[in-house]
Every structure is written in structure tokens, then in C-alpha cells.
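Enquirer: Have a look at this one before I ask anything.
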Amino acid sequence: MAEVSYYTKEGLEKLKEELQYLKTTGRANISAAIAEARDKGDLSENAEYDAAKEAQGLHEGKIAQMQEALANARLLDESKLDTSKVLALSIVKIKNIKSGTTMSYQLVSESEADLKAGKISVASPIAKGLLGKSVGDKTEITVPAGKIEFEILEISR
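Numbering of the sequence shown is given in this note's numbering, commencing with residue 111 and proceeding in unit increments.
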């Protein structure tokens with residue numbers, strides 16, 4: 111059974127739009143490439159045809175994967191979420207105790223993660239270390255660079 115993923119409204123809409131694009135424009139482009147390769151002659155020795163068919167298989171696999179993700183997607187109503195603890199979709203302001211730097215992240219599903227936009231996956235080491243914590247809590251999180259101690263300064267939605 112597939113794992114349930116929680117999405118923001120924008121993230122769910124983006125997933126639906128991308129799936130629709132793959133089903134329509136993406137499929138049409140691949141069909142055109144197959145037809146063009148087929149018109150070039152003998153299919154048994156046509157590398158372009160083989161490549162187009164392989165691309166079609168990968169494309170259909172991606173569509174199936176996105177359909178499964180959409181079937182297991184859940185939209186979270188941010189207005190009803192508890193802000194006393196760090197949960198999925200929380201915006202958390204944390205302070206690195208050693209360096210004194212502060213940063214703010216929103217915990218989102220893996221497909222919505224975008225570090226440049228301040229969105230990290232709930233499956234990331236930092237997010238896992240923050241989940242369930244409250245304002246004022248200190249937590250030591252193991253990241254690839256070693257262990258870092260953070261203090262939670264603020265939780266919002």
C-alpha cells in the first residue's frame with residue numbers, strides 16, 4: 111500500500127496540473143515522435159523508433175506514479191492545525207545554538223520540497239527532528255555534516 115502524503119492547496123493543484131499536462135501534451139508529443147520515427151522506414155533497425163518507444167514507456171510510468179501519488183494525496187486544512195507543536199505544513203523558525211543563526215522552514219511533502227523557497231520535506235533529517243516539538247524545545251539533529259543542536263523559536267501556519 112502506498113504512503114499517504116499531505117499537501118498544501120497550491121501543491122495539490124500543481125500536482126494535478128502536471129499530471130494533466132503529461133496526459134495531454136506529453137502523450138501527444140511522444141506519439142508524434144513515434145509516428146515520425148515509424149515513417150523513416152524499417153523498424154527492426156530504427157534506433158530512433160526504439161528510443162521513442164522507450165521514452166513512451168518512461169512517460170507512462172511517470173503518469174502512473176503521479177496518479178498513485180494523487181490517489182494517496184490528502185489536503186490539509188491549515189486553519190485547523192495545532193500551532194503548539196511542529197506538524198506537517200508548520201512554518202518553523204529555528205536557531206542553530208552553536209552558530210546563533212536563525213532560519214525558517216515550512217515542512218511539506220517530498221514533492222513540494224524546495225529549499226530555495228524555504229520548504230523542506232517532512233522526510234528530511236531536520237524535519238524529522240523537529241516534528242512533535244514545541245516552542246522553546248531544544249533538539250539535537252543528526253545531519254550529513256554531523257550533529258547540530260537547534261532551538262525552536264516560533265511555530266506558525
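Heads up, the beta-carbon is just placed ideally off N, CA and C, and yes, glycines get one too.
(1) Roughly how many whole angstroms lie between the Cα atoms of ARG267 and ILE201?
(2) In chain order, what are the residue ranges of uninterrupted beta strand (DSSP E) at least 3 long that sit wholly in the stretch 178-253?
(3) On the CB-based measure, 16 or more other CB atoms within 10 Å of its CB, does MET111 come out buried or exposed?
(4) Give me, in chain order, the residues of the same chain whose beta-carbon lies closer than 8 Å to that of SER115; leave out the 5 immediate sequence neighbours on both sides.
(5) Since SER266 sits in a beta bridge, which residues does DSSP pair it with?
(6) Do ILE262 and GLY246 have their C-beta atoms within less than 8 Å of each other?
(7) Report the CB separation of PRO265 from ILE258 in whole angstroms; it is logged as a contact under 8 Å.
(8) Using the Cα positions of LYS163 and TYR117, report the straight-line distance between them to the nearest angstrom.
Expert: Inspection of the coordinates gives the following:
(1) As a first step, residue 267 is located in the sequence shown; it is residue number 157 there, counting from the start. As a first step, residue 201 is located in the sequence shown; it is residue number 91 there, counting from the start. Taking the straight line joining both Cα atoms gives about 6 Å.
(2) Fully contained in the stretch 178-253 are the following beta strand (DSSP E) runs of length 3 or more, in chain order: 183-185, 201-206, 212-218, 229-231, 248-253.
(3) The residue given as residue 111 occupies position 1 in the sequence shown. Low local confidence applies: a pLDDT of 49 at MET111 is under 50, so the model's placement there is unreliable, with the coordinate-based value given in what follows. By the neighbour-count rule (16 or more Cβ atoms within 10 Å), MET111 is not buried but exposed.
(4) Here residue 115 is taken as the residue at index 5 of the sequence shown, counted from 1. For SER115, where only same-chain residues beyond five positions count, the Cβ hits under 8 Å are ALA179, ASN182, ALA183, ARG184, SER219, GLU220, SER221.
(5) Here residue 266 is taken as the residue at index 156 of the sequence shown, counted from 1. ILE201, per the DSSP bridge assignment.
(6) On the sequence shown, residue 262 is found 152 positions in, with the first residue counted as 1. On the sequence shown, residue 246 is found 136 positions in, with the first residue counted as 1. A contact, by the Cβ cut-off of 8 Å.
(7) Translated into positions along the sequence shown, residue 265 becomes position 155. Translated into positions along the sequence shown, residue 258 becomes position 148. The identity of residue 265 in the sequence shown is Ile, whereas the question assumes Pro. At roughly 19 Å, the Cβ-Cβ gap does not stay under 8 Å, so ILE265 and ILE258 are not in contact.
(8) For this step, residue 163 is matched to residue 53 along the sequence shown. For this step, residue 117 is matched to residue 7 along the sequence shown. When rounded, the separation of the alpha-carbon atoms in LYS163 and TYR117 is 33 Å.
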